[in-house]
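Enquirer:
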Amino acid sequence: MQMQKNYDHKLYEEEIIKRWEEAGIFKARNDTAKKPFTIVLPPPNASGKMHTGNVLMIAIEDILIRWHKMKGEETLWIPGTDHAGTETQITFERELKKQGKSRFSYNRQDFYEEVWKFVQANKTLVEGQIRRMGAGVDWSRNKFTLEPEVVSLVCKTFEKLYQDGLVYRGDYMVNYCPKCGTTYADIEINHIERVDPLYYIKYGSLVVATVRPETKFGDTAVAVNPADTRYKDWIGSEIEVEGLSGKFKLKVIGDEFVDPKFGTGVVKVTPAHDPNDYEMGKKHNLATVKVIELNGKLTEVAGKYAGLSVFTARKQVVDDLKAKGLIDKVDEHYSHSVAVCKAGHDVEPTILPNWFVKMDSLRKPALEAVKEGRVKIYPKWRTLTYIRWMENIHDWAISRQNIWGIRIPVWYSSKENPNLIVSFINTDGTVVNGRLAELLRNYTLEDIKKGLQVLMAPAESKYKISVEKPSEDCLQETDTFDTWFSSGQWPLAILGYPESEDFKYFYPTNVLETGWEILSKWVSRMMMLGIYLTGEPPFKNVYLHGIVRALDGRKMSKSLGNVINPEEYIDEFGVDALRMGLVAGTATGKDFSFPRDRIVGYKKFANKLWNVARFIEPVLAAKQSSDSSTNEDDQWILHELELVIEKVDSSLEKYRFAEAAEILYEFIWHKLADVYLEKVKDRREEASQTLSKALDICLRLLHPFMPFVTEAVWKEVFLDEGLLISQEWPESK
RNA sequence: GGUCGCGUAGCGCAGUUGGUUAGCGCACCGCAUUCACAUUGCGGGGGUCACUGGUUCGAAUCCAGUCGCGACCACCA
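Under the working numbering, the first residue of the first sequence is numbered -2, with each subsequent residue one higher.
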């Protein structure tokens, strides 16, 4: 059948995917005679659609997989999706709000099941998109992070960490968001610049400057810099302060932390609600007085302000201080950075018992593996980012006050812990909360368990860590694991650690390819947990791609309205062009703007290749090549072809994908088509062998980059040879 | 504040350990047009490689500083 004049991607993409699937090309076997090559696909969130970053990620990983497969290795690329705890829950709760409901309308169990249903639909969508990209993943090994085997591994790891003394429950200063009802890890918090009034408040004969006057009820000292001559003599003394509810006394402490240049050089110390004050409090043995409740309201220590929200209280406190003449002055234009959560709410530094993993012993081998070059990071300069992060890491809070996630396997005996604070939905549908001991007078433990929403265990609670429920009188912790705690074990979970054949054959994986922005959040955690459990880093190489920004060069965001939907580009230009354009868009792993021009260019390139084949195919079909001979033109193009094979190989070995793409583009278009094809027009049949060889090798080399058009052309020209993906990678001499 | 990076043609970028006339895509200008492809071909214009100084026979490339930009991390009551 004659080839059409132009290549139309829409006619081929779906059909080619089916041919790969039917041939079972990407289903990996544990073939010990072959060298394994493994990539774990960074699991996209199951809560949304694929974005341009995912496209780039899939494109690069598919290049590696197809390249190694053609080189004869046993390749395995495992797909999966992530439950993305906080993010998914926020998305789902937004949906609930539209129906006039919230997570407090459900007990824990029912809520979890509702989110599960919500996620299933999106998960199917994302999986369909990965498939449409032509990704050579092994769907038979597909996993979701909340499947039983994964949950079981994650819980066992937690138990093991605890047995090794690496888990503790501690009072800790956390970033607590009263609106989200959850704590956030430091790395999840954003700091934004904002202008707020800075109040200068009279503290006896001293004046302190603060943006948070409402926390004054929790002050347990004032601090000055020991080198500050103005206040040196005050250190160690006690000052009497006229407050809103009478006089009180405060110690004056000296601490290097205080910046003499800020405000008056005197700082009020509130250990319960400020991370630095917390540190100072520990150092100077100060009492910790809680002013703000977990619901964001002031506690009884605030006297008449108790029960008010932070902002209301601040306003009233300031008004009352003014009325009493206790405000010295107000700087209305004080610009400072404020910690905000993912949803943009102000974060309340709060003391809350949480589960922590000690980092000290875990980070050491993970740092050394990179420093000693056993794990290589590309581009090389990102190595520094990793090393700096690992050197400065502190203990990791792994508990989240989220429902959507893996529930922490910790148990509190109802008999031993009368002070547990419990919320549950009663059999009549009302929400009841209070101290467990009191609730048990009116309700049965069974009813509480059944309707359980949240429990909060005070610091002194007795607990048991166990994957299995220890006894019937126990309530399970309602916190879940930080998503990064489970995804930090993803390479192990997905390979069936510790017993499976897959794990024994395919671990450690060869390349971990992901965006550099999760180097610290994800890559470092996989390193630590992977080494901790197996003694070996989970991957040998890390390739970090840049972030794809919008056409205007800015970060894509819904609010800017500049988000690019990859599917539109797939429709218009084809998967090959989109993939190749993105891969060629940046050579250094830097962030880059969505390279629309290149995508257009590679669509034309696909057509160019198609027409090169249209030129060559009739020559080969005539099969009169017995009288073929070579002249200097043939020798020239064959020589150039050798160079291309070498260059593409060496570029790929160095993870220089854009370079390899440009080499192929340049050769096929400007040497093979523009020069060589023009020259042989008068002696086509004589050159048929050279033409055949050139096309054959070009298709093989280009296949990992543009799998669809190459496979389509291959079928037109070399049908008898089977699928192109099953051919061997060209070796340079 | 700490760290990493960036500044090369109108725009978007490449330039590997310093080495002949600094490249690529898009855009622009001129010419060609049934012959594989107009999703085309041939030709062309356009750059003090941010600035200053240094190392060198030789610097876009190495070093120091200045200016401008970005990101990450940390954080100031």
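Beta carbons: idealized from backbone N, C-alpha and C, even for Gly.
Mark residue 69 as exposed unless 16 or more other C-beta atoms lie within 10 angstroms of its C-beta, in which case mark it buried.
Expert: It counts as exposed.
Enquirer: Taking the beta carbon of residue 120 as the centre, do at least 16 other beta carbons fall within 10 Å, making it buried, or is it exposed?
Expert: Classification for residue 120: buried.
Enquirer: Of the residues 498, 379, 203, which one's Cα is nearest the Cα of residue 220?
Expert: If we check each option's Cα against that of residue 220, 203 comes out closest.
Enquirer: Going by alpha carbons, who is nearest to residue 351 out of 334, 137, 392?
Expert: Here the closest residue by C-alpha is 392.
Enquirer: Taking the C-alpha atoms as reference points, what is the distance between residue 590 and residue 310?
Expert: For residue 590 and residue 310, the distance between alpha carbons rounds to 46 Å.
Enquirer: Taking the runs of the alpha helix (DSSP H) that are 4 residues or longer, which of them lie wholly in the stretch 389 to 475?
Expert: Correct list: 433 to 439, 442 to 448.
Enquirer: On the CB-based measure, 16 or more other CB atoms within 10 Å of its CB, does residue 562 come out buried or exposed?
Expert: So residue 562 counts as exposed.
Enquirer: Flag this pair as yes or no: are the beta carbons of residue 218 and residue 248 separated by less than 8 Å?
Expert: In contact: residue 218 and residue 248 (Cβ atoms closer than 8 Å).
Enquirer: Measuring alpha carbon to alpha carbon, tell me which of 138, 455, 67, 76 ends up nearest residue 27.
Expert: If we check each option's Cα against that of residue 27, 138 comes out closest.
Enquirer: Quick check on this structure: which residue in 649, 600, 454 has the alpha carbon closest to the alpha carbon of residue 57?
Expert: When each option's Cα is compared against that of residue 57, the closest is 649.
Enquirer: Just to confirm the assignment: which complete alpha helix (DSSP H) runs, minimum length 4, are found wholly within the stretch 590 to 674?
Expert: Whole alpha helix (DSSP H) segments, 4+ residues: 593 to 619, 629 to 650, 654 to 662.
Enquirer: Using beta-carbon positions only, say whether residue 359 and residue 529 come within less than 8 Å of one another.
Expert: The answer is yes: Cβ separation under 8 Å.
Enquirer: Report, in whole angstroms, the separation of the C-beta atoms of residue 698 and residue 711, which I expect to be a contact under 8 Å.
Expert: Wrong, their Cβ atoms sit about 12 Å apart, outside the cutoff.
Enquirer: Quick one: grab the DSSP three-state call for residue 481.
Expert: Helix.
Enquirer: Give the straight-line distance between the Cα atoms of residue 188 and residue 403, rounded to the nearest whole angstrom.
Expert: Distance between the alpha carbons of residue 188 and residue 403: 28 Å.
Enquirer: Are residue 170 and residue 275 closer than 8 Å when you measure CB to CB?
Expert: Yes, these two residues count as a Cβ contact at 8 Å.
Enquirer: Measure how close the beta-carbons of residue 604 and residue 3 come, nearest whole angstrom, since I'm counting them as under 8 Å.
Expert: The Cβ separation is near 6 Å, so the contact holds.
Enquirer: Nearest to residue 173 by alpha carbon, out of 506, 473, 338, 225?
Expert: When each option's Cα is compared against that of residue 173, the closest is 338.
Enquirer: Quick check: is any heavy atom of the ligand FMN less than 7 Å from the C-beta of residue 187?
Expert: Only the bare structure without any ligand can be found here, which leaves the ligand FMN out of the picture.
Enquirer: Can the beta-carbon of residue 285 be found less than 8 Å from the beta-carbon of residue 293?
Expert: No, these two residues do not count as a Cβ contact at 8 Å.
Enquirer: My parser needs the alpha helix (DSSP H) runs of 4 or more residues fully inside the stretch 223 to 285; what are they?
Expert: Qualifying alpha helix (DSSP H) stretches, in chain order: 272 to 281.
Enquirer: Can you give me the Cβ contacts of residue 147 inside the same chain, cut-off strictly under 6 Å, excluding the 5 residues immediately before and after it?
Expert: Closer than 6 Å at Cβ, skipping near neighbours: 490.
Enquirer: Between the C-alpha atoms of residue 149 and residue 480, what's the straight-line distance to the nearest angstrom?
Expert: One C-alpha to the other measures close to 15 Å.
Enquirer: Can you give the Cα-Cα distance for residue 779 and residue 312, rounded to whole angstroms?
Expert: Summary: the structure shown does not reach residue 779, with the chain confined to residues -2 through 730, and so no result is reported for it.
Enquirer: Per DSSP, residue 727 is paired with what?
Expert: Answer is none; residue 727 lacks a bridge partner.
Enquirer: Answer yes or no: do residue 643 and residue 729 have a C-beta to C-beta separation smaller than 8 Å?
Expert: It is a contact, given that the beta carbons lie within the stated cut-off.
Enquirer: Quick check for students: name the residue ranges of the beta strand (DSSP E) that lie wholly in the stretch 319 to 370, counting only runs of 3 or more.
Expert: The qualifying runs are 324 to 337, 345 to 354.
Enquirer: Can you say whether residue 548 is buried or exposed, counting buried as having 16 or more other CB atoms within 10 angstroms of its CB?
Expert: Exposed, because fewer than 16 other Cβ atoms sit within 10 Å of the Cβ of residue 548.
Enquirer: Roughly how many angstroms separate the alpha carbons of residue 164 and residue 395, rounded to a whole number?
Expert: Going from the Cα of residue 164 to the Cα of residue 395 covers about 10 Å.
Enquirer: Going straight from the alpha carbon of residue 696 to that of residue 708, what length do you get?
Expert: Near 8 Å, if we compare the C-alpha coordinates of residue 708 and residue 696.
Enquirer: Could you name the residues that DSSP lists as bridge partners for residue 205?
Expert: 198, per the DSSP bridge assignment.
Enquirer: Using 8 Å as the Cβ pair cut-off and three pairs as the minimum, do the stretch 406 to 425 and the stretch 433 to 444 touch?
Expert: The stretch 406 to 425 vs the stretch 433 to 444: in contact.
Enquirer: Roughly how many whole angstroms lie between the Cα atoms of residue 452 and residue 166?
Expert: One C-alpha to the other measures close to 15 Å.
Enquirer: So what does DSSP say about residue 217, is it helix, strand or coil?
Expert: Note: residue 217 maps to coil in three-state DSSP.
Enquirer: What's the gap between the Cα of residue 328 and the Cα of residue 316?
Expert: Taking the straight line joining both Cα atoms gives about 15 Å.
Enquirer: Could you tell me whether the stretch 248 to 265 touches the stretch 204 to 216, where touching means 3 or more Cβ pairs closer than 8 Å?
Expert: Yes, the stretch 248 to 265 touches the stretch 204 to 216.
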